[in-house]
Structures are given as C-alpha cells and as structure tokens.
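The structure appears right after this line, and notes come after that.
In our numbering, the protein residues as written are -5 to 315.
See the structure below:
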C-alpha cells in the first residue's frame, strides 16, 4: 500500500511537534479536572443525602462531548485554512505540483493530517467519557454515533478551510473567510430561524387580538431546513437524543415553534449528517479543481511537469533579478 506522501510528511512533522503534545496536555487536563470535580460533588452529595444523582454522569458526558465539539469547530479551520495557502506563501506549492503527485493527493493529504489530529484528541478523551458507563445511561452505540457526528462535522469544517486555503494566496484571508463561513452557518442560520419565529409570533398575536380566535402555532416556516447545514444544531440534536429528552422535534418546537411533520424532521440527524458530508465532498472537489494547473499549449495539450518546473525556475530568476 502506497502512503500519501503529503499525509506522511504532515503526520511526521505533527508527531514531532511540541504543539501537539501541548494541545493534548491542555485538552485532557481540562477534561480530567471537570471529571474529578463532578465525581467529588457526587460523592459529597451522597454523604449528605445518601442519594446518587445519576444525571450528573450524563452531564459529565455532555460536557466532555461539548468541549470536544467546540475545539473541533475552532481547530479544524485553523489547521486547514493555512495548509495550501501556507505552501503558496513559502513558494513550494508549484514545486509540489511539478512532481508526480496529483492535486487530489495534496488536498487529501493536508485534510487527513488535520483529521488525524482531531481523532487523536477524541481518542484521548475516551477514558473520561467512559466514566458514564459506570452507572449507565449511554451505550456504546450512542458513543459511536457521537464519533460519527464529530467526524462528519470535522470533514465539513475542514473542507471549508481547505476550499478557502486553495482559493486565496494568504493564510490570513483564508482563515478569516473560513471562520466567517462557519459563524454564518452556526449563528446565522439560527438567528434567521429565531427572527422568523418571532415575526410569525407577533403577526399571529396581532391577528388573535383583532379576531379573538385561536389559529395555528407560530413557527419559523421553511427556514428550519437551513439548520440542516448547521453543525452546532446537528450536535445538539445528537446530544438531545442521547442525554436529553430524547425527542429532537420537541426540542426544536421549543426553540423555533411548530415544525412540519415529514421525513426530514423525523430523520433530522441522518439527513443533516448526509448533507454536511456531501457538502464536504463538494468543497474538497472544488479545492482540488482550484489548485489543478491547466495550461494549454498550441495544440491544446497540458504542459508536462518538466515544463512547469522550467517556467517556475524562470519566473523565480526574474524575481531575483
């Protein structure tokens, strides 16, 4: 089996980096302190009331999962948004494209290296998350579903970062655009639904005051489907089903009013994850297309790697002069 050379290089550099060890230390320390504090409070309550609140262990599971998700949302764009643009800034991207590597291998190698780091963080948190198994409430299937959710969200946010990194020449611009897009998806779609729900509620209240009658329940309408691309809402739906009320639709009705009863709302989590996975594939394909050099010759044939390398060296000499 032939390894992706970009992935192997990134994996080697990250494994030897002090930054990775520092991130793991800080991340696991925060989770360990939270777990110990939670266990200490449970034991203290048992000494006073002789009762064990099993919900506290579910709260610990929710807390650890939320910390993982927040770090995933903030770290993945930072890792991927500077991957291709960083090679441009170092003027090594053209050299990589003149080798036998395909643009697809470059993009996937950079993306998989970031996903591997996120996987390492998730695996390092497993011992703390597994404390919930002591008293039950969460099954292995639930934890596997959470891992699938984290993996797809990581691929989605990483795809956003890779797209902007391949589109812009500066890492700063790519990072800003990646974070802006994620904030727009997470907070923007939520704000649109809340605004639509409030407007519909005000309109219905005015109508009720005028007619003194009962009509339908207020809702955000069709804007609810925008939340299918919201990673935060998808994560909240998974946590609600596992450690909350268990009814995702009821939770949505409390936030955004009455919801339509159809196949999408009944299967919100799988539909949302599938759409985000498809969006990640599209973004990665767009990133590959963006960095693919297509130079047409006189007869319409693509230039070979040797010719591109000669052009690159010639341009560098001109810049030096």
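Quick reminder that beta carbons are idealized off the backbone N, C-alpha and C, glycines included.
What three-state label does DSSP hand residue 251 in the structure shown?
Within the chain shown, numbered from 1, the residue matching residue 251 stands at position 257. It is a strand residue.
Could you have a look at residue 214 and say whether DSSP puts it in helix, strand or coil?
As a working mapping, residue 214 is identified with position 220 in the chain shown. If DSSP states are grouped into helix, strand and coil, residue 214 belongs with coil.
Between the Cα of residue 109 and the Cα atoms of 20, 17, 146, which residue gives the shortest distance?
In the chain shown, counting from the first residue as 1, residue 109 sits at position 115. Residue 146 is the option with its Cα nearest to residue 109.
For residue -1 and chain C, any beta-carbon pair shorter than 9 Å?
The question asks about chain C, but that chain is absent: this structure has only one protein chain.
Could you tell me the boundaries of the alpha helix (DSSP H) in which residue 225 lies?
As a first step, residue 225 is located in the chain shown; it is residue number 231 there, counting from the start. First-last of the alpha helix (DSSP H) with residue 225: 225 to 237.
Cβ neighbours of residue 281 in the same chain (closer than 6 Å, five flanking residues each side left out):
Within the chain shown, the letter at position 287 stands for residue 281. 101, 156, 157, 160, listed in sequence order.
Please report the residue range of the alpha helix (DSSP H) in which residue 287 lies.
Sequence index remark: in the chain shown, residue 287 carries index 293 (1-based). No alpha helix (DSSP H) holds residue 287; DSSP gives it neither H nor E.
Exposed or buried, residue 105, counting other C-beta atoms within 10 Å across all chains shown (16 or more means buried)?
Looking up residue 105 in the chain shown gives position 111. Buried is the call here.
Does residue 119 come out as helix, strand or coil in the three-state DSSP assignment?
Numbered from its first residue, the chain shown carries residue 119 at position 125. Looking at residue 119 - three-state DSSP - the assignment turns out to be coil, as it is neither helix nor strand.
Rounded straight-line distance, which links the Cα of residue 216 to that of residue 256:
By 1-based counting over the chain shown, the position of residue 256 is 262. By 1-based counting over the chain shown, the position of residue 216 is 222. For residue 256 and residue 216, the distance between alpha carbons rounds to 12 Å.
Classify residue -3 as helix, strand or coil using the three-state DSSP reduction.
As a first step, residue -3 must be located in the chain shown, where it is residue number 3. Here residue -3 carries a coil assignment [DSSP, helix/strand/coil].
If you count every other CB in all the chains shown that lies within 10 Å of the CB of residue 248, and 16 or more means buried, which is it?
Reading the chain shown from its first residue, position 254 is the one you call residue 248. So residue 248 ends up on the exposed side.
Helix, strand or coil for residue 10, going by three-state DSSP, please let me know.
Position 16 of the chain shown, counted from the start, is the residue given in the question as residue 10. Note: residue 10 maps to coil in three-state DSSP.
Alpha carbon to alpha carbon, how far is residue 66 from residue 141?
Along the chain shown, read from residue 1 onward, the residue named residue 66 stands at position 72. Along the chain shown, read from residue 1 onward, the residue named residue 141 stands at position 147. Note on geometry: alpha-carbon atoms of residue 66 and residue 141 lie some 12 Å from one another.
Inspect the beta-carbon positions of residue 74 and residue 151 and report whether they are closer than 9 Å.
Here residue 74 corresponds to residue number 80 of the chain shown, with the count starting at 1. Here residue 151 corresponds to residue number 157 of the chain shown, with the count starting at 1. Yes. Within cutoff.
Specify the secondary structure class of residue 131 as computed by DSSP and reduced to three states.
Mapped onto the chain shown, residue 131 falls at position 137. If DSSP states are grouped into helix, strand and coil, residue 131 belongs with coil.
Going by other Cβ atoms of all chains shown within 10 Å of its Cβ, with 16 needed for buried, is residue 241 buried or exposed?
Translated into positions along the chain shown, residue 241 becomes position 247. Per the 10 Å Cβ criterion, exposed.
Considering just the uninterrupted stretch of the alpha helix (DSSP H) at residue 54, what are its terminal residues?
Sequence index remark: in the chain shown, residue 54 carries index 60 (1-based). Start and end: 49 to 75.
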